[in-house]
């Protein structure tokens with residue numbers, strides 16, 4: 001079935017993605033802050049650990065955006081019913 005792509009559905013995708021990804025980034029930032037502080041890492045090591053942690057955050061963010069797009073544009077989630085064809089055999 002064809003996906004429903006409207007301004008509202010794209011706005012919903014953006015809103016859901018920003019909401020969930022902001023929480024993911026906050027948790028990842030907290031994890032980095034705790035890890036860097038606990039091990040007393042210097043600036044170079046902090047950048048390296050942050051770069052390593054950024055890879056899974058980016059992958060999860062992309063997956064969240066994909067799932068949000070699939071959910072928001074799914075016709076069954078939007079109450080979409082295809083138009084009824086008139087019965088020409090009457």
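Numbering (full-length UniProt numbering), first residue to last: 1 to 90. Virtual Cβ for every residue (Gly too), placed ideally from N, Cα, C.
At a Cβ-Cβ threshold of 9 Å, residue 57 and residue 14 do not count as neighbours. Nearest neighbour of residue 21 by Cα position, chosen from 85, 47 and 62, turns out to be 62. Residue 35 carries a helical assignment under DSSP once its states are collapsed to helix, strand and coil.
Annotated as distal: residue 53 and residue 16, with beta-carbon spacing of 9 Å or more. In the structure shown, residue 77 adopts helical secondary structure according to DSSP, grouped into three states.
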